[in-house]
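Numbering (our numbering), first residue to last: 9 to 201.
From the three backbone atoms N, C-alpha and C, an ideal C-beta is built for every residue, glycine too.
The structure presented is a predicted model; accordingly, all values stated were derived computationally and were not measured.
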């Protein structure tokens, strides 16, 4: 059986990673969402186990110390990781897709060499900032995320080689279908090696 791959989507906050991920999941039966575990507060309309697994700091520490978590990182003052049991789905040929903070791509690829990393660029930075403002974030969190945009884009341009695919999101179905095509081509080329 062909080993499944892990696909990571990175990009600045508000760029539409969830939008693209949802499209890939809805249009590819052999993909499942790789849901991260986090200690951050649940946002309005987020569902535990679907959007993220929301753990208390104590629960997160207990699971991590028990060896059930991997790729553990702190982002914006909250802890994130993945359940090892979910990543094992790749062994049965299932492809997993997740959103990944840009600074964690190198570490993630070091742990999972078969990961396919995608960076999503904005067409318009101002639109992306507007998308962030619609999220009902606390004002300090919003300010920090907007400030992080310049730092993240600088990181991307200095570390372009970390990413296998780069795509610009204009929030249309055309971007979704292009991304799906690029992922399919990469998966086919790996299977033919």
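Length-filtered (4 minimum) alpha helix (DSSP H) runs lying within the segment 90-134: 92-95 and 113-119
Residue interval of the alpha helix (DSSP H) (run including residue 208): Given that the chain is displayed from residue 9 to residue 201, the structure contains no residue 208 and the question cannot be resolved.
Alpha-carbon spacing of residue 138 relative to residue 39, whole angstroms: So the alpha carbons of these two residues sit roughly 30 Å apart.
Proximity below 8 Å, CB of residue 97 to CB of residue 108: no
Secondary structure, beta strand (DSSP E): runs of 3+ residues fully inside the segment 35-73: 39-41 and 44-46
Unbroken beta strand (DSSP E) run spanning residue 206, endpoints: Residue numbering for the chain in the displayed model covers 9 to 201; residue 206 lies beyond these limits and cannot be assessed.
Simplified DSSP assignment, three categories, for residue 81: Correct three-state label for residue 81: strand.
Whether residue 127 touches residue 174 by CB criterion (8 Å): yes
Where the alpha helix (DSSP H) containing residue 148 begins and where it ends: 147-166
contact_flag[the segment 156-165, the segment 177-190] where n(CB pairs < 8 Å) is 3 or more: Contact fails: fewer than three Cβ-Cβ distances are below 8 Å.
Where residue 184 falls, given that 16 or more other Cβ within 10 Å makes a residue buried: Flag for residue 184 reads buried.
Residue 65 classed as buried or exposed, judged by whether at least 16 other C-beta atoms fall within 10 angstroms: exposed
With 16 other Cβ atoms within 10 Å as the buried cut-off, status of residue 151: By the Cβ neighbour-count rule, residue 151 is exposed, with fewer than 16 other Cβ atoms within 10 Å of its own.
Assigned exposure category for residue 93 - 16 Cβ within 10 Å defines buried: Sixteen is the threshold: since fewer than 16 other Cβ atoms of the shown chains lie within 10 Å of the Cβ of residue 93, the residue is exposed.
Residue 15 classed as buried or exposed, judged by whether at least 16 other C-beta atoms fall within 10 angstroms: The residue is buried, with at least 16 neighbouring Cβ atoms inside 10 Å.
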